[in-house]
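For the numbering used here, add 54 to where a residue sits in the sequence shown, where the first one is 1.
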Amino acid sequence: ELEEWAQGRELLMASVFLFEGGSHIQKSREGILRSILYQILTPRRDLISVAFPSFFGCEWPPPTPFNTIINLSQAFYSLFAHEGKLNLCFFIDGLDEYRIMDRKDYYKEEDFALVYDGEEGDAGLGSSKWIQESHMDIARLINELGSKDNFKICVSSRELPVFEKAFAGHGRLQVHEHSETSIAQYCAGRLEEAVPGLPNMAALCREIAQKSSGDVLWA
Numbered sequence: 055e056l057e058e059w060a061q062g063r064e065l066l067m068a069s070v071f072l073f074e075g076g077s078h079i080q081k082s083r084e085g086i087l088r089s090i091l092y093q094i095l096t097p098r099r100d101l102i103s104v105a106f107p108s109f110f111g112c113e114w115p116p117p118t119p120f121n122t123i124i125n126l127s128q129a130f131y132s133l134f135a136h137e138g139k140l141n142l143c144f145f146i147d148g149l150d151e152y153r154i155m156d157r158k159d160y161y162k163e164e165d166f167a168l169v170y171d172g173e174e175g176d177a178g179l180g181s182s183k184w185i186q187e188s189h190m191d192i193a194r195l196i197n198e199l200g201s202k203d204n205f206k207i208c209v210s211s212r213e214l215p216v217f218e219k220a221f222a223g224h225g226r227l228q229v230h231e232h233s234e235t236s237i238a239q240y241c242a243g244r245l246e247e248a249v250p251g252l253p254n255m256a257a258l259c260r261e262i263a264q265k266s267s268g269d270v271l272w273a
């Protein structure tokens, strides 16, 4: 179906996994752009000069690093302005773990303070001004890219209000509605190893699967 959508143009695919507990580039816009550019330019080295034309024919090392947000953004858009021959489908996992790292120094100490509303579930993890604005930032980027004819994007995230609102008009799959049986089977296998013959195991596994809300790690 993606090949049909590309209509003869070259189809490229890339994926990014965001991790809030990781390094700077594992949760930032810089990391997203670097990862996608790397996955595109590794098999298509001929496009490196298209992405970074100002770094060819100049002194080396260059006076400014190539991996600034501005340079990476220009490189990304230059590729897809190149004769209109490229289509990209990319997958981003963990939007809720994205953080504004390039402008982190502009925030005050109180902007990082976590606030809890006392509810169970995602809201109970707490949030801050920095985290909330990070989520709005990545949602704007996804909607901006998704509005272009030569991009298709599939994203995943916890069901936070900012993403519910930003992506309300798009197709959606709620994983927990489809994974409950698999999680119950996983739990049964683990429990059978640990406590063979446990009474009411099937009911317990169903309850665990329901409470996990699709999160295998929680189960």
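Positions of the beta carbon are idealized from the N, C-alpha and C atoms, including for glycine.
Fair warning: this is a prediction, and the values are worked out from it, not measured in the lab.
Within the model, the alpha-carbon separation for Thr118 versus Gln128 is close to 15 Å. The C-alpha of Ile154 lies about 16 Å from the C-alpha of Leu168. Taking all protein chains in view, the Cβ of Arg99 is surrounded by fewer than 16 other Cβ atoms within 10 Å, so the residue is classified as exposed. The closest CA to that of Ala263, considering only Ala242, Pro250 and Lys206, is found on Ala242. Per the coordinates, the alpha-carbon of Pro107 lies some 57 Å from the alpha-carbon of Arg260. The three-state secondary structure of Asn141, taken from DSSP, is strand. No Cβ-Cβ contact shorter than 9 Å links Leu65 with Leu133.
Within the same chain, Cβ atoms closer than 6 Å to the Cβ of Asp147 are found at Phe71 and Ser210, the five residues on either side in sequence being excluded. Within 10 angstroms of the beta-carbon of Gly225 lie fewer than 16 other beta-carbons, which makes it exposed.
According to the DSSP secondary-structure assignment, Lys158 is paired through a beta bridge with no residue. In the displayed model, Leu252 falls within coil according to three-state DSSP, outside both helix and strand.
Burial of Arg83 is indicated by the presence of at least 16 other C-beta atoms within 10 angstroms of its C-beta. Note on geometry: alpha-carbon atoms of Ile237 and Gly268 lie some 8 Å from one another.
Asn121 and Arg88 do touch by the CB rule: their CB atoms are close to 6 Å apart, below 8 Å.
Distance from the CA of Tyr240 to the CA of Glu58, rounded to the nearest whole angstrom, comes to 37 Å. Leaving aside the five residues that flank Ser233 on each side, the residues in its chain whose CB is nearer than 6 Å to its CB run, in chain order, Gly268.
Residue environment analysis places Glu151 among the buried positions, since at least 16 neighbouring C-beta atoms fall within 10 angstroms of its C-beta. As the crow flies, the alpha-carbon of Ile90 is around 34 Å from that of Tyr170.
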